[in-house]
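Single-structure report; data block below.
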Amino acid sequence: MDVCNLLLSIGRLLSLDPYTGVNRSAGGRQANTHVNVPPELKDVKIWQVHTLLKGLEKIAASADIPMLVCGDFNSVPGSAPHLLLAMGKVDPLHPELLVDPLAILRPHSKLTHQLPLVSAYSPFARGVGLGLEHQRRKMDITTNEPLFTNCTRDFIGTLDYIFYTADSLTVEALLELLDEDSLRKDTALPSPEWSSDHIALLAEFRFQTRPRR
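Each residue of the sequence shown is one higher than the last, beginning at 2 in our numbering.
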């Protein structure tokens, strides 16, 4: 199975090729996924995220292009899939690596990637800039992620992420986060006002100027 077919079995890969006149000026790749496996199959969840990232890493090695990695990963901050995305590696002693009956995660040293991924919402965690303090209160400053992106009767937490390659893209704007009180007025999501149990995440990016080769 080639890289593109493998990625399509886990997520969706979009090629972004803008043009200026007749000359291509910049481009990028956006990978979108919905990691949807039973909660007890943590090994499968980690394997899916790892496979997605290694596929993107191969594409990045053959073409120096900006990338976005986003979607519903069904993984909270600090989980093995999130750490792999955000930190590029997972501690071999992480408890989620202990249950691996088919040895699909071994050796644990393979759970790495070299993509310079950063969470798009991390500027809100720093609270830098006019008007960002009220957004900072909606962030977990220990993980640089929103306090929640999913709000149901039984669960509230962060499952959705937007990651970008920080060496080629710059965050220009972010959709403001919602507060829990405004959502709880209808008990939980979905509600008459919000049609999904996930809140929307939106980021606007600018291509960084890169030296010609």
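All residues carry an ideal CB built from backbone N, CA and C; glycine is no exception. No experiment lies behind these values; they were computed from the predicted model shown.
Option in L85, V77 and G29 with minimal Cα separation from T52: Ranking L85, V77 and G29 by Cα distance to T52 puts L85 first.
With DSSP collapsed to three states, give me the class of E41. Note: E41 maps to coil in three-state DSSP.
Tell me whether E181 sits in a helix, a strand or coil according to DSSP, three-state version. The answer is helix: DSSP assigns E181 an H, G or I state.
Hey, which unbroken runs of the beta strand (DSSP E) at 3 residues or more fall wholly within the stretch 87-142? Fully enclosed beta strand (DSSP E) runs of 3 or longer: 118-120.
Could you give the distance in angstroms between the alpha-carbon of Y122 and the alpha-carbon of S110? Rounded to the nearest angstrom, the two C-alpha atoms are 28 Å apart.
DSSP three-state assignment for G79, whether helix, strand or coil: DSSP places G79 outside both helix and strand once states are collapsed to three, so it counts as coil.
Please list, in chain order, all residues of the same chain as K90 whose beta carbon is under 6 Å from its beta carbon, the five residues on each side excluded. Within the same chain, Cβ atoms closer than 6 Å to the Cβ of K90 are found at T113, the five residues on either side in sequence being excluded.
Excluding the five sequence neighbours on either side, which residues of its own chain have a C-beta within less than 8 Å of the C-beta of L160, listed in chain order? Cβ within range, chain order: D73, F74, N75, S76, V77, T150, N151 and H199.
Between the C-alpha atoms of L98 and G79, what's the straight-line distance to the nearest angstrom? Whole-angstrom Cα-Cα distance: 13 Å.
Three or more C-beta pairs below 8 Å linking the stretch 52-71 and the stretch 99-109: Judged by Cβ distances under 8 Å, the stretch 52-71 makes no contact with the stretch 99-109, as fewer than three pairs qualify.
What does DSSP give as the partner residues of V70 in its beta bridges? Bridge partners of V70: A32 and F164.
Beta-carbon proximity of Q209 to S169, cut-off 8 Å: Inclusion of Q209 and S169 in the CB contact set at 8 Å is warranted, their separation being smaller than that value.
Distance check for R207 and H35, CA to CA, integer angstroms please. Cα to Cα, H35 sits roughly 25 Å from R207.
With H, G and I counted as helix, E and B as strand and the rest as coil, what does DSSP make of E173? DSSP places E173 in strand when its eight states are reduced to three.
Using 10 angstroms around the beta-carbon of P82, count the other beta-carbons present and answer buried if the total reaches 16, otherwise exposed. When all chains shown are included, P82 counts as buried.
Check for me: the beta strand (DSSP E) holding R207 runs from which residue to which? Annotation: the continuous beta strand (DSSP E) that includes R207 extends over A204 to F208.
Beta-carbon within less than 6 Å of W48's beta-carbon, same chain only, minus the 5 sequence neighbours each way: which residues are those? Excluding the 5 residues flanking it on each side, W48 has same chain C-beta neighbours closer than 6 Å at I105, in chain order.
Let me make sure I understand the geometry here. Which of E134, L42, R107 and I60 has the alpha-carbon closest to that of L31? Reading off the sequence, residue 31 comes out as Gln, not Leu. Comparing Cα positions, the closest option is I60.
In this structure, how does DSSP classify I47 when only helix, strand and coil are distinguished? Helix, per DSSP.
Own chain residues within Cβ distance below 7 Å of A167, not counting five before or after: So the list reads P117 and V119, once near-sequence residues are dropped.
Find the nearest neighbour of T153 within the set D187, A201, E205 and L203, judged by alpha-carbon distance. Distance from the Cα of T153 is smallest, within the candidate group D187, A201, E205 and L203, for D187.
Does DSSP put I200 in a helix, a strand or coil? Coil at I200, not helix or strand.
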